[in-house]
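Worksheet for the structure shown next.
Protein chains in written order, with our numbering: chain A, 25 to 300; chain B, 25 to 300; chain C, 25 to 300; chain D, 25 to 300.
In structure tokens:
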């Protein structure tokens with residue numbers, strides 16, 4: 025994800041220093057304005073804005089305020105934009121840590137995976153102060169097609185969680201409809217072509233229908249992460265005493281699929297699980 | 025529905041005789057090519073094509089092969105296009121009754137309700153023979169934006185059922201997401217504006233979000249009919265031994281809403297029920 | 025079932041004529057008071073009371089008022105006690121057919137399977153008139169430990185359905201608890217021994233726990249029949265607009281187990297399905 | 025609970041010092057062997073065994089190793105038996121705190137509420153070492169009817185959680201069956217009398233059926249605590265990747281009842297909620 029996002033900054037002549045935990049191919053970034061470094065310190069110490077895109081909250085914690093203490097290296101008043109997918113309470117913690125070092129913080133998880141990152145069609149869900157967003161918005165616009173301020177700190181992560189459980193559930197509804205239709209004697213091909221184009225189906229099912237047709241569940245977003253997000257959402261619902269019937273049941277079906285060894289496939293493999 | 029559909033045939037100069045079980049306003053149809061009659065017999069006896077749009081299978085049965093035996097009045101080899109929403113096995117029965125009278129039959133339920141009928145944006149889901157469809161397609165094109173042959177007799181009704189349960193479930197997912205988001209501190213207004221425009225939400229939620237904002241649940245499609253369609257789908261799933269987790273649970277929540285007196289509201293009132 | 029029930033009448037010196045659709049072993053019934061016949065006609069024509077225990081409503085219909093018309097052979101004013109498990113509306117139909125032939129009718133499904141039949145510990149759930157019950161109660165007492173009048177005709181079958189869905193659901197709760205306990209580090213053996221003896225678990229789980237320990241799912245009551253009973257109960261709940269959350273979800277899990285080839289095992293195999 | 029339990033120790037001439045956070049009535053304990061004190065310090069400092077029965081883990085923490093540091097007052101090598109209902113990880117923490125003060129620890133939650141405490145019919149679920157149990161078992165036997173060692177430290181609490189979710193779910197199944205039966209025309213009175221005595225219903229439903237008949241939901245175990253236990257169980261299931269369908273759905277129905285203001289009633293009020 026990160027390199028794809030960076031490529032758009034590079035193309036737009038932004039002065040850019042890139043650091044990746046595992047070394048990356050220099051060839052991708054042959055612009056004069058881009059430096060690739062294997063030293064995190066040199067990557068961040070003069071930066072006005074630091075974008076991070078890491079796989080888990082634990083990784084973010086380690087790099088920014090754990091073993092590697094990036095926050096202590098950064099310039100005072102610089103902005104840290106964390107695009108990683110984390111839970112809302114983690115964003116609050118990151119915000120507090122940043123504040124202790126006089127670093128301004130935004131949580132900015134994205135809708136979209138590798139293809140959207142490559143084509144600069146990400147949508148950013150931002151939690152944080154409007155003035156900070158103003159400073160980084162030009163760069164977000166280069167990497168995505170939409171920048172949405174959801175609310176104060178943590179609300180980007182909250183909204184991302186909602187979006188993910190809608191994905192998980194819509195995928196399941198779609199899968200159950202295709203399988204029932206097939207049993208009623210309507211061809212799968214026909215259903216997979218038609219249903220995603222009707223107003224009753226979430227538009228992302230178009231892409232997933234192709235995956236199903238090709239029996240290709242190469243991971244865009246792993247099923248077991250979806251299971252985790254469903255879990256986090258039901259936790260939040262409990263804390264708020266807000267019933268959440270469908271997400272709870274959906275969670276159990278993703279649990280079964282995970283238990284059956286499908287956790288590392290794309291979450292659209294929930295279709296394959298139901299079709300077993 | 026019926027009068028809105030007929031108005032497009034009228035505008036296109038189709039020779040048309042209209043019969044409604046309760047008298048309708050002549051003013052709507054002041055074209056020379058339109059006759060309004062209170063005699064069913066005179067409406068159908070010379071017709072090459074008879075379109076019907078009735079509220080329930082029972083009403084269709086009564087009018088076409090029950091107390092009023094329309095099939096026996098119609099011309100041999102005429103076409104009967106039933107646009108009513110019925111269950112697949114009823115369509116098969118209607119087909120057989122029609123055949124006994126040498127009437128050609130299509131089941132042609134529609135996606136869309138009054139607004140789509142008024143703007144000729146219905147989608148027709150057709151079950152029946154291709155040659156018959158060819159004969160009626162020009163007229164369907166006047167009344168809708170798409171004509172889809174799903175398969176042989178009964179498949180139009182089968183597909184309509186799938187579409188409806190996707191509506192019921194997507195509406196519920198959307199409602200639960202908005203309510204949870206609200207509890208997490210994101211404003212309802214914001215969620216109702218944003219979510220329907222993302223690829224994770226079925227596009228029809230755009231219109232329903234407006235209804236929710238205005239607390240206006242005037243009926244487009246009654247909640248209790250959705251409950252019935254969920255019931256019919258789970259019945260079919262049982263007959264096919266096809267698990268259908270989410271639709272079964274969704275059915276029970278619509279059951280509660282119906283029991284709580286919301287059955288005659290639009291099905292989007294499931295939001296209101298959950299927000300009680 | 026039937027031969028085990030008959031053995032208790034035999035032991036009590038009741039004059040008895042036995043007919044089975046497939047020939048049975050005479051040795052079991054060497055009492056002087058018992059006649060075994062391969063002629064249905066001779067079995068019923070002089071009988072004051074006819075007990076039937078058949079596998080499905082279809083079989084009952086065939087034998088009593090279908091191809092074989094037992095009702096027309098029976099003596100006027102005789103009593104027909106149907107112990108088969110059928111749906112309530114079938115019992116009503118059987119009652120009407122019996123009435124047409126001046127036969128008095130009771131629906132009398134039982135709680136218990138082969139072991140309870142063998143040890144005369146069945147419980148009879150009766151629908152029908154009190155005076156008729158009085159005439160047959162001495163014989164029911166020989167075959168069972170309790171005779172319960174539930175209400176008028178059909179109520180025996182209604183109550184049996186309730187009892188069965190409680191079995192299906194309690195079995196599932198028990199199975200999920202054992203599997204979760206095992207994952208928490210409490211031994212399965214221990215859980216299977218202890219839980220059924222606590223007031224929180226339906227007492228029948230004692231016997232099923234033994235079956236689970238021995239991985240022996242020889243059929244007492246087939247899982248696929250339980251699936252059917254759950255289906256019938258949810259149908260009834262729909263007709264009554266009574267939400268029935270757990271039974272609906274339980275139905276889908278039995279659906280999965282049936283789809284996975286476990287339908288002909290005992291319904292306690294739902295444990296085995298979840299433990300897969 | 026605590027005073028009822030203590031009364032059995034008193035009756036058996038155990039030397040006993042009683043401390044309650046709110047003052048209790050001396051009249052209850054007029055035996056010579058009983059001292060009632062308002063000083064926690066004097067209650068525990070010479071004790072060989074300390075039993076605690078508190079309402080929440082937070083209360084236990086406060087009294088034993090928080091603001092009031094009971095553990096530091098107790099004799100070395102004394103035994104602390106915590107009968108409070110807590111989560112497994114809390115028991116592990118209590119064990120470690122006890123160890124630091126050379127106090128031997130057992131987690132010993134009970135099955136049963138006030139009536140069982142009064143009649144010495146509690147069941148103790150113990151986690152901890154066998155030798156320690158041997159030292160306290162004579163006293164547990166005075167207060168309860170059964171002492172069950174479930175496993176090492178924390179397993180008492182784990183098992184209690186299982187028992188509670190079985191209660192929650194069995195209560196729901198029972199309630200749904202009674203309500204459906206009523207809709208089918210079988211009287212509620214009859215169902216409430218009969219069902220709990222059949223092998224298909226958890227025996228505790230006998231007492232709850234009485235409560236329902238009297239519309240008396242005075243709290244034995246609050247509905248909102250049941251909601252919490254269902255939540256904790258689903259959390260554990262997630263950590264173990266063990267699907268738990270029925271408990272998750274049951275949790276949502278208890279969530280609704282809690283949201284509807286029934287959280288402080290007895291958990292059997294889930295019947296009242298469904299009957300609304």
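Note that CB positions come from ideal geometry on N, CA and C, so glycine has one too.
Everything numeric in this text was worked out from a predicted model, so none of it was measured.
For residue 147 of chain B, report the span of its beta strand (DSSP E) as first-last.
146-151
is_contact[residue 282 of chain B, chain C] using C-beta, thresh 7 Å
yes
Using a C-beta cutoff of 7 Å, does residue 236 of chain A count as contacting chain B?
Not one beta carbon of chain B lies nearer than 7 Å to the beta carbon of residue 236 of chain A.
Is the Cβ of residue 256 of chain C closer than 7 Å to any Cβ of chain D?
no
Is it the case that the Cβ atoms of residue 280 of chain A and residue 267 of chain D are separated by a distance below 7 Å?
yes
Whole angstroms is fine: what's the gap from residue 217 of chain A's alpha carbon to residue 291 of chain B's?
About 27 Å.
C-beta neighbour in chain D for residue 264 of chain C, strict 7 Å
yes
List the whole-angstrom C-beta distance separating residue 103 of chain C from residue 72 of chain C, where the pair is believed to meet the contact cut-off of C-beta under 8 Å.
7 Å
Suppose the cutoff is 7 Å on Cβ atoms and the five residues either side in sequence are ignored; what does the same chain contact list for residue 299 of chain A look like?
203
Note down the Cα distance separating residue 41 of chain A from residue 213 of chain B, rounded to an integer number of angstroms.
40 Å
Once DSSP output is grouped into helix, strand and coil, what is the label at residue 211 of chain B?
Note: residue 211 of chain B maps to coil in three-state DSSP.
Nearest by alpha-carbon distance to residue 196 of chain A: which of A:185, A:278 and A:100 is it?
Closest option to residue 196 of chain A, Cα to Cα, is A:278.
If you draw a straight line from the C-alpha of residue 68 of chain D to the C-alpha of residue 86 of chain D, how long is it?
15 Å
Quick one: is residue 253 of chain D buried, meaning 16 or more other Cβ sit within 10 Å of its Cβ, or exposed?
buried
For residue 207 of chain C and residue 263 of chain D, what's the separation of their Cα atoms in angstroms?
10 Å
On the DSSP letters alone, give me the boundaries of the beta strand (DSSP E) that residue 175 of chain A sits inside.
168-175
Please confirm whether residue 73 of chain B has its beta-carbon closer than 7 Å to some beta-carbon of chain A.
no
With 7 Å as the threshold, decide whether the Cβ of residue 227 of chain C is near any Cβ in chain D.
For residue 227 of chain C, the closest Cβ of chain D is nearer than 7 Å.
Give the interface partners of residue 269 of chain B over in chain C, defined as CB-CB distance under 8 Å, in chain order.
Within 8 Å Cβ-Cβ: 273 and 276.
Counting along the chain, where does the beta strand (DSSP E) carrying residue 58 of chain A start and finish?
58-61
Ends of the alpha helix (DSSP H) at residue 97 of chain A?
94-97
Taking Cβ positions, are residue 152 of chain B and residue 172 of chain B nearer each other than 7 Å?
no
When the Cβ atoms of the region 113-120 of chain B are set against those of the region 75-91 of chain B, are three or more pairs found closer than 8 Å?
Counting Cβ pairs under 8 Å, three or more are found: they touch.
Please confirm if residue 279 of chain D has its CB atom under 7 Å from at least one CB of chain A.
Yes, residue 279 of chain D counts as interfacial toward chain A.
Any C-beta of chain D sitting closer than 7 Å to the C-beta of residue 182 of chain C?
yes
By Cβ distance below 7 Å, which residues in the same chain neighbour residue 199 of chain B in space, the five residues on each side in sequence not counted?
294, 295 and 298
Give me the chain B residues within the contact set of residue 244 of chain A, using Cβ-Cβ distance strictly less than 8 Å, ordered along the chain.
For residue 244 of chain A, no chain B residue has a C-beta closer than 8 Å to its own C-beta; the minimum C-beta separation is roughly 13 Å.
Residue 111 of chain A: buried (16+ other C-beta within 10 angstroms of its C-beta) or exposed?
buried
Could you check how far apart the C-beta atoms of residue 257 of chain C and residue 185 of chain C are, in whole angstroms? I think they sit under 8 Å.
5 Å
Would you please verify whether the beta carbon of residue 190 of chain C is less than 7 Å from any beta carbon of chain D?
yes
Counting only Cβ pairs nearer than 9 Å, list the residues of chain D close to residue 349 of chain C.
Outside the displayed span of chain C (25 to 300) sits residue 349 of chain C, for which this structure offers no information.
Looking at the secondary structure, which residues open and close the beta strand (DSSP E) in which residue 41 of chain D lies?
Run containing residue 41 of chain D: 40-43, per the beta strand (DSSP E) assignment.
Using a beta-carbon distance below 7 Å, is residue 117 of chain B in contact with chain A?
no
Here's a check: name, in chain order, each residue in its chain whose Cβ is nearer than 6 Å to the Cβ of residue 137 of chain A, leaving out the five neighbours to either side.
244 and 245
When you compare the CB of residue 224 of chain D with every CB in chain C, is at least one pair closer than 7 Å?
yes
Nonlocal neighbours in the same chain, by C-beta distance under 6 Å from residue 164 of chain D, ignoring five residues either side:
148 and 171
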